[in-house]
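Each protein sequence line maps, in turn, to chains L and Z.
First residue of the first sequence: 1, per this note's numbering; consecutive thereafter.
First residue of the second sequence: 229, per this note's numbering; consecutive thereafter.
Beta carbons are placed, not taken as given, at the ideal position from N, Cα and C, and that holds for glycine.
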Amino acid sequence: MTLEPMPLFWLALTLLAYLGSRWLYRRSGRYLFSPLILVPAVLLAIAVPLHTAYAEYARNTHWLMSVLGPVTVAFAVPIWQQRALLARHWPALSLGMLVGSAASIGSSWGLAHVLALDSAVSLSLVPRSITTPFAMPLARDLGGVPELTAVFVMFTGVLGAMFGGVLLKYLPLRTPLARGALFGVGAHGAGVSRAHEVGGEEGSVAGLVMVLTGLLNLFAAPLLTMLL
Amino acid sequence: MKPPAFNRFVRLLAELAVLLALYKLGGVLAAWLAWPIPGGVIGLALLLLLFAGGVLKPAMLQLGAGVLMAEMLLFFIPALMSLLDYGSLLRDEGWRILLVIAVSTLLVMVVTALTVEWICRWRLRHDA
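So this is what it looks like as structure tokens:
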């Protein structure tokens with residue numbers, strides 16, 4: 001069904017759902033109300049019964065995605081602000097990012113093959129651990145579907161933010177650096193918010209590592225194209 | 229006299245304009261040099277250079293950069309709605325995809341944290 005009389009219907013609904021969910025999440029603090037979960041849930045609950053196709057939804061909303069470009073530029077701010085941290089701990093952080101990224105790419109790709117997933121799905125799973133502004137262009141480079149990658153990145157964030165809290169109880173981590181890297185490499189933006197709840201230093205480390213891991217993966221694209 | 233909220237809004241717009249300009253400039257440079265790097269990443273590098281050269285201070289862009297990063301979720305929600313076209317994929321492969329993501333995420337978190345922790349402890353022992 002098309003909603004021609006209301007051309008901005010989906011844009012208005014997206015903005016409303018986002019603002020409403022953000023307000024609810026801040027007031028209640030319940031993870032289920034976080035915009036990462038509630039907004040897609042609400043939008044899908046309305047779009048699916050209406051048999052809306054993605055193209056129709058995207059017609060007036062796709063421009064929102066183009067803001068992800070300037071977001072990438074904004075990432076320079078946390079990098080610059082945390083440069084002292086990076087200078088002091090670069091060996092641990094860079095090795096952690098390398099090992100974590102290799103584990104993410106290797107296990108996503110390997111498991112996708114073991115479970116006989118479609119090849120476009122497997123390729124779209126490869127960048128799932130990095131933040132969306134980097135993951136979508138990387139998916140395009142690799143021959144995956146950027147939109148699918150965004151979906152997988154979202155699930156990674158939701159699951160990772162949950163797992164991270166549990167892992168902190170069982171892993172013998174004494175340094176805020178390790179606790180922050182766990183969230184930044186493993187669960188990108190959702191993990192960074194969770195890391196800020198654990199502690200200030202954990203949050204800073206997670207934010208820095210999230211951006212750098214995205215860059216690292218993006219620069220590894222030519223190598224990945226050769227391997228995959 | 230202008231209300232502070234208005235000034236803040238103008239300031240936000242100005243900061244966003246700077247970030248947008250760097251993004252566009254990055255895209256132009258990428259096309260001109262024929263580099264396979266997204267314009268945003270080149271914009272990021274340019275901004276780091278401006279910080280390093282003392283031309284800009286992070287505080288000058290804190291408001292705009294902060295808003296962009298804090299509301300990032302809004303900007304990728306449209307991509308999530310691609311699920312509308314992948315109903316059959318989800319029915320056929322959904323659980324397997326979720327399993328891949330869950331297992332891989334756990335693995336990434338464990339190996340990353342243990343690697344960083346191990347190096348930190350090693351350095352503590354050897355620096356002391």
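DSSP, reduced to helix, strand and coil, places Leu-8 (chain L) outside both helices and strands of the structure shown, so it counts as coil.
Shown here, Ala-220 (chain L) sits in coil according to DSSP, grouped into three states, outside any helix or strand. For the pair Gly-186 (chain L) and Thr-333 (chain Z), the CB atoms are nearer than the 7 Å cut-off. In terms of Cβ geometry, Phe-279 (chain Z) and Trp-90 (chain L) do not form a close pair [threshold 7 Å].
The three-state reading of DSSP puts Ala-116 (chain L) in coil, since its state is none of H, G, I, E or B. L:Ala-181 is the residue among L:Val-153, L:Ala-135, L:Arg-194, L:Ala-181 whose C-alpha sits nearest the C-alpha of Val-99 (chain L).
Leu-8 (chain L) does not reach chain Z, its nearest Cβ partner there being about 14 Å away, counting only Cβ pairs nearer than 7 Å.
Proximity of His-62 (chain L) to chain Z, defined by a Cβ-Cβ separation below 7 Å, is satisfied.
For the set Z:Val-336, Z:Val-328, Z:Thr-340, the Cα lying nearest the Cα of Val-114 (chain L) is the one of Z:Val-328.
Listed in chain order, the non-local C-beta contacts of Thr-225 (chain L) below 7 Å within the same chain comprise Asp-141, Leu-142, local neighbours out to five positions each way being set aside.
Sequence-distant partners of Val-295 (chain Z) (beyond 5 residues in either direction) whose C-beta falls short of 8 Å from its own C-beta, in its chain, are Leu-240, Leu-244. In the DSSP assignment, Trp-346 (chain Z) falls within the unbroken alpha helix (DSSP H) covering 315-355.
Comparing alpha-carbon positions, the option among Z:Leu-275, Z:Leu-250, Z:Ile-347 lying closest to Arg-88 (chain L) turns out to be Z:Ile-347.
Residues of the stretch 144-156 of chain L whose Cβ lies closer than 9 Å to any Cβ of chain Z, in chain order: Val-145, Pro-146, Glu-147, Leu-148, Thr-149, Ala-150, Val-151, Phe-152, Val-153, Met-154, Phe-155, Thr-156. Residues of the stretch 197-213 of chain L with a Cβ closer than 8 Å to any Cβ of chain Z: none. Listed along chain L are Ala-53, Tyr-54, Ala-55, Glu-147, each with a C-beta nearer than 9 Å to that of Asp-313 (chain Z). A check of alpha carbon separations from Ala-206 (chain L) across L:Phe-75, L:Ser-108, L:Gly-144 identifies L:Phe-75 as the nearest. For Leu-327 (chain Z), the C-beta contacts it makes with chain L under 8 Å involve Leu-111, Leu-115, in order along the chain. Residue-level contact by beta carbon fails for Leu-277 (chain Z) and chain L, as no gap is shorter than 7 Å.
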